[in-house]
Every structure is written in structure tokens, then in C-alpha cells.
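S.K.:
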Amino acid sequence: MIEDARPRKILRTLGLIAIVIAFVFPVYWLLSFSFKPERLFFDLPPVWTFDPIVTEWVNTFRTLKLWETIINSIIVAGGSTLLTILVGTPASYSLARLRVRGKTDIMLFIIASRMAPAVALIIPFFLIYQFLDLLDSHIGLIFAYSTFNMALYVWLLTVMTRELPADLEGVAEADGYHPFQVFLRIGLPLMRPSIIAVGVLAFIFAWNEFPFALLLGGRTTETLPVVAARSLSAGGVEWARLAVISTVMVIPVAVMVFFLHKQIVRGLSMGAVRG
């Protein structure tokens with residue numbers, strides 16, 4: 616038995632190593648491009664060792680005022696995620712626990728709204744925002760991002776909440792608690808891992824959003840995806856600058872996932888095994 620288990624363990628280890636390399640290598644390659652001299656970008660075979668330079672980092676932050684762009688992205692993505700959580704969490708709990716008339720139709724409408732391509736909504740949004748004077752404003756982008764984030768958030772959180780045991784909530788209702796009190800004292804703590812998991816997904820979608828930021832934003836609210844797109848032009852691709860901006864885009868998401876990975880795994884697996 617021990618001899619049979621050893622090859623299996625070795626194969627599993629090798630498989631895990633291969634998976635880690637497959638996910639880590641693109642990040643390493645992107646990071647190396649941001650520090651590599653441009654003359655070495657397309658050498659064959661690839662140059663693995665070189666003297667790193669920070670010239671492109673300094674030039675990108677100075678010429679593009681990248682700190683302002685980072686702050687814009689944090690405000691818009693963070694504000695959209697916060698608004699989505701505040702509005703979507705009670706909605707998800709209501710759809711999962713309360714007897715709501717036409718619940719199935721509501722859920723179908725929610726998922727159908729998420730399926731609509733962004734390009735189909737840009738023109739109505741642009742005309743409405745032009746009338747309301749919300750173009751090139753943080754609040755305008757926050758509301759726009761929340762429209763597509765809300766559907767994803769409510770749909771996923773509703774499904775996860777349905778899988779949570781309802782025993783404690785039933786006991787609280789029997790003790791005379793109002794449904795809103797049950798939600799605050801019982802439901803919300805149980806939903807917390809799922810809220811964190813889906814909230815991180817909502818933040819990532821908002822952080823990487825491009826069409827709304829391009830057409831509804833402007834110089835005042837320019838986000839990182841828009842600045843990254845400016846590295847591509849008819850004259851060619853500014854690979855070093857694009858690598859710097861892309862690395863900056865990856866860092867906040869990677870840090871967030873690193874510190875919240877336990878809650879994310881717990882939230883995504885919530886209800887997968889029921890005792």
C-alpha cells in the first residue's frame with residue numbers, strides 16, 4: 616500500500632507544481648518586462664538574467680500622473696463594490712429566505728440584465744448622464760459599475776445564502792424577532808464569508824472595467840484600464856509602459872486575495888457540503 620501511494624503522491628505533487636508555474640509564470644513575465652531594457656524584449660532565446668532598470672517606472676508615474684489614476688480606480692471600484700454590497704446583500708437575503716411573489720421571474724430578470732453586453736448599454740447611459748451632468752464624475756462611474764455588478768452579486772449571493780442552514784433563523788423567528796432583526800443578528804454573520812467572496816469578485820470586475828470608464832469618464836476620472844489602452848496606438852505598442860501599468864493593476868487585487876483568501880475559499884465553498 617505504501618509503495619502504491621508513493622507514485623501517486625509524486626504525480627500529485629508534480630501536477631500541483633505545474634499548475635503553480637502555469638499561473639505564476641505570466642505574472643513573472645509581466646513583471647520582468649517592466650524592469651527589462653527594451654532592447655531585450657523580443658530576443659530569442661529569451662533573456663532570463665539582466666540588470667533591472669526602473670526608468671520606465673519613473674517615467675510612467677511622472678508623465679502619466681499614475682498616482683491620480685490609481686486613486687481614481689480605487690474610488691470608483693471601491694465605491695461601486697461598497698454600494699453593491701449595501702444594496703445587494705439585503706436583496707439577496709430577501710430572495711433567498713423570504714416568500715417573495717414572482718421570485719423566479721425576478722431572478723431570471725437579474726441574470727438576464729447581466730447578460731446584456733456593455734456596448735448595448737453605453738449609448739443610453741451616455742445620453743442619460745449627459746442630461747444629468749454626470750459625465751466624467753466619480754459618482755457617475757460608481758452608479759454605472761454598480762448596474763452590472765449588482766446582478767452578478769445578487770445572483771451569486773442568493774444562491775449561496777439558500778444553501779446556508781436556516782435553523783437558527785427559524786428559532787429567532789419563533790422567539791419573536793422581526794425579519795429585519797433576524798437578518799442583522801443571524802443572517803448577516805452567516806453570510807459574511809459569502810459576502811466577502813462575491814464582493815471581491817465584484818471589485819475585480821469594477822477594477823478591470825473598460826468601456827464604461829472610456830466613454831462615461833474623462834481626464835478627471837481616468838482609470839487604469841483606460842490609461843493602459845493608451846499604450847496601444849497606430850504607431851505601435853509601448854510594451855514597457857504597458858507592463859508597468861498592468862503590474863500596477865495586478866498588485867491591489869493580488870494583495871486583496873492574499874489577505875482574504877481564507878474567507879474567499881470559505882465563502883465560495885459555503886453550502887457545498889451540508890451536514
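Letter by letter, the sequence shown follows residues 616 to 890 of this note's numbering.
Glycine is no exception: its CB is placed at the ideal position from the N, C-alpha and C atoms.
Here's the rule I'm using: 16 or more other beta-carbon atoms within 10 Å means buried, otherwise exposed. How should residue 841 be labelled?
M.R.: Label assigned to residue 841: buried.
S.K.: Cutting at 8 angstroms between CB atoms, please list the residues of its own chain near residue 577, excluding the five before and the five after it.
M.R.: Residue numbering for the chain in the displayed model covers 616 to 890; residue 577 lies beyond these limits and cannot be assessed.
S.K.: Determine the extent of the alpha helix (DSSP H) in which residue 827 is found, giving its start and end residues.
M.R.: That run of the alpha helix (DSSP H) goes 826-831.
S.K.: Given residue 684, which residues of its chain have a CB within under 7 angstroms of its CB, disregarding the five upstream and five downstream residues?
M.R.: Around residue 684: 837, 838, 839 and 842.
S.K.: Going by beta-carbon coordinates alone, are residue 801 and residue 700 separated by less than 8 angstroms?
M.R.: Cβ atoms of residue 801 and residue 700: not closer than 8 angstroms.
S.K.: Going by the beta-carbon positions, is the gap between residue 755 and residue 768 smaller than 8 angstroms?
M.R.: In this structure, residue 768 does not lie closer than 8 angstroms to residue 755 by Cβ.
S.K.: Terminal residues of the continuous alpha helix (DSSP H) containing residue 768?
M.R.: Element bounds for residue 768: 753-777.
S.K.: So for residue 715, helix, strand or coil by DSSP?
M.R.: Coil, per DSSP.
S.K.: Would you call residue 628 buried or exposed, if buried means 16 or more other Cβ atoms sit within 10 Å of its Cβ?
M.R.: Residue 628 should be labelled exposed.
S.K.: Say whether the stretch 783-803 touches the stretch 869-881, bearing in mind that this needs 3 or more beta-carbon pairs closer than 8 angstroms, one atom from each stretch.
M.R.: They do not touch, by the three-pair rule.
S.K.: Rank 862, 875 and 742 by C-alpha distance to the C-alpha of residue 827 and give the top, closest one.
M.R.: Checked all of 862, 875 and 742; the closest Cα to residue 827 is 742.
S.K.: Roughly how far, in whole angstroms, is the beta-carbon of residue 772 from the beta-carbon of residue 707, given that I think they are within contact range, below 8 angstroms?
M.R.: Between residue 707 and residue 772 the Cβ distance is about 4 angstroms, and since that is below 8 angstroms, they are a contact.
S.K.: Can you tell me the Cα-Cα spacing of residue 644 and residue 694, whole angstroms?
M.R.: Distance between the alpha carbons of residue 644 and residue 694 is about 31 angstroms.
S.K.: By Cβ distance, which residues of its chain are closer than 6 angstroms to residue 825, with the 5 residues on each side in sequence left out?
M.R.: Taken in chain order, the residues that qualify are 840.
S.K.: Measure how close the beta-carbons of residue 690 and residue 753 come, nearest whole angstrom, since I'm counting them as under 8 angstroms.
M.R.: Residue 690 to residue 753, Cβ: 5 angstroms. Contact.
S.K.: With a threshold of 7 angstroms on Cβ separation, who are the neighbours of residue 665 within its own chain once the five nearest residues in sequence on each side are excluded?
M.R.: 651, 652 and 655, listed in sequence order.
S.K.: Under the three-state reduction of DSSP, which class applies to residue 851: helix, strand or coil?
M.R.: Three-state result, residue 851: strand.
S.K.: From 634, 622, 758 and 834, pick the residue whose C-alpha is nearest to that of residue 680; which is it?
M.R.: Ranking the options by Cα distance to residue 680, first place goes to 834.
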